[in-house]
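Structure follows, in structure tokens:
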């Protein structure tokens, strides 16, 4: 994605304009390490500003972990990484009480979720109980251990990864838990020129070492608050509900998207518009996010699978056949 977004005409306040420029600078800084993935970087920043979580599904070595750690450093967030295996317990995620003999009392030891940005690496290798503990914390924004409740820091974001190639010893996330993720992305392999740039940059040093913090935790929290004021017309609420409702009626789908998906699309569209230099949402913002936000929430009918249809194909069809506010029908490209 090019930087022409900086020239978009906008009615943004001076404070919002300054915040927008800082977020673009953060994206630029991340891209120094995660080469050629501007679109994915902006989508994850969109989720961050929307207070949402992201599932990244891709083969090993495509930069999933690097992206998360770079993002944490650039945004000044407290970062933790959990390598999920079947022996990781729910208490490792939420925390636990341990008896202190010297003080003769139980003390609470924080779990992995007590941070701003948690990388849940290979989440599908954890047991269902551990997965549920993490996803409950994501949904509630707090953990309860032995009757005691602790608030998770704000901002809080989970970037979970899974490898689609290896299913031995995995516990695939059920649809109800996939629904907790606002976006599902794939990094993909870099182009040849990008891969050359990557291996040259890593010949002697790790590019992550030279990355600087563009934001602080309190600044990011303030920007998130500004994003909530991005305007959405009533017609765009109708547009979102029409698109999501169409997934529940489509003959190729056994399970459509839930109202949670509609709520997520609203927040994501506000953040996406902000990252493109506007304080108002356009139908194009919703269309750009629709497939990333909805595809993982759907269940295809068996006949659709036999016809080699994908969720992406069906969502593209829905976009093409749904009236767009202000401009009629869309020719939605893949």
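In our numbering, the protein residues as written are 223 to 556. From the three backbone atoms N, C-alpha and C, an ideal C-beta is built for every residue, glycine too. Note that this is a predicted model, so its numbers are computed, not measured.
Between which residues of its own chain and residue 412 is the CB-CB distance below 6 Å, once the five residues before and five after are set aside? 258
Own chain residues within Cβ distance below 7 Å of residue 522, not counting five before or after: 474, 475, 476, 531, 533
Of the listed residues 435, 329, 350, nearest to residue 398 (C-alpha basis): 350
Taking just the CA atoms, how far does residue 488 sit from residue 544? 18 Å
According to DSSP, which residues form a beta bridge with residue 343? 305
In terms of residue numbering, what span does the beta strand (DSSP E) encompassing residue 332 cover? 327-332
Using C-beta distances below 6 Å, list every residue in its chain close to residue 339, excluding the 5 sequence neighbours before and after it, in chain order. 294, 299, 301, 379
On the CB-based measure, 16 or more other CB atoms within 10 Å of its CB, does residue 286 come out buried or exposed? buried
Start and end of the alpha helix (DSSP H) containing residue 336? Careful: residue 336 lies outside any alpha helix (DSSP H) and carries neither H nor E.
Local Cβ density within 10 Å of residue 492, reported as buried at 16 or more and exposed below that: buried
Count the other CB atoms, across all protein chains shown, that sit within 10 Å of the CB of residue 229; report buried if there are 16 or more and exposed otherwise. No answer about residue 229 holds up, because its pLDDT of 38 lies below 50 and its placement is not dependable.
In angstroms with no decimal places, state the Cα-to-Cα distance between residue 431 and residue 255. 10 Å
Where residue 514 falls: helix, strand or coil (DSSP): helix
Cβ pair residue 539, residue 407 closer than 8 Å: no
Assuming residue 341 and residue 381 make a contact with CB atoms under 8 Å, what is their CB distance in whole Å? 5 Å
For residue 276 and residue 323, I'd like the C-alpha separation in whole angstroms. 41 Å
Just the C-alpha distance for residue 356 and residue 303, rounded to the nearest angstrom, thanks. 13 Å
So what's residue 508 in DSSP terms, helix, strand or just coil? helix
Hey, out of 520, 445, 456, 393, whose CA is closest to residue 243's CA? 445
From the DSSP output, in three-state form, read off residue 519 for me. helix
Would you decide whether residue 346 is buried or exposed? Buried here means 16 or more other CB atoms lie within 10 Å of its CB. buried
Within a Cβ cutoff of 6 Å, which residues of the same chain sit near residue 524, ignoring the five residues on either side of it in sequence? none
Give me the DSSP bridge partner(s) of residue 366. 371
For residue 485, count neighbouring C-beta atoms within 10 Å of its own C-beta (all shown protein chains included) and say buried if the count is 16 or more, exposed if not. exposed
Distance, Cα to Cα, residue 505 vs residue 321? 56 Å
Beta-carbon contacts of residue 305 that lie in its chain and below 6 Å, excluding the five residues immediately before and after: 343
Kindly indicate the opening and closing residues of the beta strand (DSSP E) around residue 406. 405-407
Determine, using beta carbons only, whether residue 252 and residue 316 come nearer to each other than 8 Å. no
Which term fits residue 328, buried or exposed, when burial requires 16 or more other beta carbons within 10 angstroms of its beta carbon? exposed
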